[in-house]
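What follows is a set of notes on a single structure, which appears directly below.
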Amino acid sequence: MEEILDEYKELMEAYEKSGGVSGEFSNPKIPSIVISGNKVLGKNTVEGLILESELIENGVSLKIVVKKGTKILFPMKLCFGLIPREGIQIIDMHAVIEDDAGMNAISHCVFPNAEHIVHKMNYKLEIGKRSFFRYNEIHFHGESGGIEVIPYVQGVVGEESLFEATFTLKEGRVGLFDTKYDIEVMKNGKVELYAKVWGKGNDNILIEEKVALKGENARALVKSKVVLQDNARSKVISDISASAPYARGHIDCTEIVQGDAVAEAVPIVKVSNNLARVTHEAAIGSLDSKEIETLEARGLQEEEAIKVLVNGILR
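The opening position of the sequence shown corresponds to residue 4 in my numbering, with each subsequent residue numbered one higher.
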């Protein structure tokens, strides 16, 4: 028991370093779950929310159901992580937002001591009609870069519904980040995907986001911001296809490189209906040296000036 309490305490310390408030996990009015490795250390649900968990090899299978008509506006809190230096964590998550329902959620994934860590997430998402799901995922890693983060999200956004997902990784080394989204959007539905990642050292960042606009008047925005330093590498594949009348999609990819970093952007647009429209823009460049010099003139060291500018880009 004492060992579990120590593990929970360490996880909460890392959670707070990533911007979370650990006291929210003890608030009975806030739905939450804390998973360390393959152990559920804490769980709380509220009316209209079904939260089921099952232990699997090296991880946890998790099902979240927001019942019809339920709106969870104060964000559900999720914390996934591993405290040891080595290990594997697999999260199989199935989220169902029923008709006329909605949920906001914030997930913190914390691996403060990672040297040889693999974190895999298989995420299936079903959003019903006239519903919404806003999901904000924030990562906090150690400085060794010894981690592989491999999330795969597959989902359907129902008629007149919204799915908004934001992924942020600014603290610590990225290691290997290999993410894939595959989302279908029905009539009058909308999806917004945001990625904000800062790669350093020999970090390797692979982002593949695919959205299929299958319903009339469906909407999609896929927006990525990646900053690279040292010998980091990134490849961003943004893919929007539109096959229904009045469907609209836009891709916006910005990558900043410094040192010997290499960035690649691959926008893919496909339209198979003459009333649909998909646009894209991609920019790869460097930080403005004049802005760095201005901050240095105000007393900041070069490293501090770069951090200020990068945080501004990734906010």
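Ideal Cβ positions, reconstructed from N, Cα and C, are used throughout, including at glycine.
What you are looking at is a predicted structure, and each value in this text was computed from that prediction instead of being measured.
- Of Ile240, Leu290 and Pro87, the smallest CA-CA separation from Ile254 is found for Ile240.
- When secondary structure is reduced to three states using DSSP, Met189 falls in the coil class, being assigned neither helix nor strand.
- With respect to the C-alpha of Ala17, the residue from Leu85, Ala108 and Arg137 having the closest C-alpha is Leu85.
- Here Gln304 is exposed. Its C-beta has fewer than 16 other C-beta atoms within 10 Å.
- By the Cβ criterion, the region 175-193 is in contact with the region 146-160, since at least three pairs of Cβ atoms, one from each stretch, lie closer than 8 angstroms.
- Excluding five sequence positions before and after Leu81, the CB atoms of its chain that fall closer than 6 angstroms to its own CB belong to Ile36 and Ser110, given in chain order.
- Counting along the chain, the unbroken alpha helix (DSSP H) around Lys310 starts and ends at Glu305 to Ile316.
- Approximately 12 angstroms separates the beta-carbon atoms of Phe83 and Ile120; this is outside 8 angstroms, ruling out the contact.
- Counting only runs of 3+ residues, the beta strand (DSSP E) found wholly inside the region 251-297 occupies 251-260, 265-274 and 280-288, in chain order.
- With a contact defined as Cβ atoms closer than 8 angstroms, Val214 and Gly252 qualify at about 7 angstroms.
- In this chain, Val49 is not harboured by any beta strand (DSSP E), its DSSP state being neither H nor E.
- Residue range Leu165 to Glu174 is occupied by the beta strand (DSSP E) that includes Glu167.
- Straight through space, the alpha carbons of Leu65 and Leu224 are spaced by roughly 28 angstroms.
- If you draw a straight line from the Cα of Ala235 to the Cα of Ile316, it comes to about 18 angstroms.
- When beta bridges are read from the DSSP output, Arg236 appears opposite Asn207 and Val265.
- The region 122-140 and the region 162-171 touch, with no fewer than 3 CB-CB distances between them shorter than 8 angstroms.
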